[in-house]
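What follows is a set of notes on a single structure, which appears directly below.
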Amino acid sequence: MTETSFKISGIDHPAVAANNVDQLADWYCEVLGYTKYFRDEKPVWILRAPDNTLLEVMPIDHTARPIRTTWTPGWSHLALRVEDIEKTIAYLDSKKVVWASDIINAIGGGKVRTFADPDGNMLQIVERHL
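In this text, residue positions in the sequence shown follow the UniProt record's numbering: the first is 1, and each later residue adds one.
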């Protein structure tokens, strides 16, 4: 393979391991606006965001969940870009999300706030105007 034939065009999908694949997929659809794109018998859901990026929801194994912070080594969180952080916070408050931070300045510009999905996976909303 030559340098000119190799090109990564971007991230296809992050994946999250769920206690209950169907319930967590439903939460991402109902609360965050994803749609169900494909379901495999394993069971695995592929969800699609409004911008056509994908999210895989797969079953957990029986490995103990480590205690994490935003700065714990390894993949840390899923950051979702929003147009208006204040309106998004009001909407997510109506869905009873549990916030893990206040609004803070985002590295690289903008504002960010952290919360978790029902399985405890770390998510962020980011308002950034590039």
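Don't be surprised by glycine CBs; every beta carbon is placed ideally from N, CA and C.
- For Ala-15, there is no enclosing alpha helix (DSSP H); the enclosing beta strand (DSSP E) covers residues 15-18.
- In this structure, the alpha-carbon of Val-126 lies about 27 Å from that of Val-44.
- In the three-state scheme derived from DSSP, where H, G and I count as helix and E and B as strand, Tyr-28 is classed as helix.
- The alpha-carbon separation between Arg-81 and Gly-10 amounts to approximately 16 Å.
- Under DSSP, the beta-bridge partners assigned to Lys-36 are Leu-47.
- Here DSSP, grouped into helix, strand and coil, assigns Thr-114 to strand.
- Rounded to the nearest angstrom, the gap between the Cα atoms of Ala-25 and Lys-7 is 31 Å.
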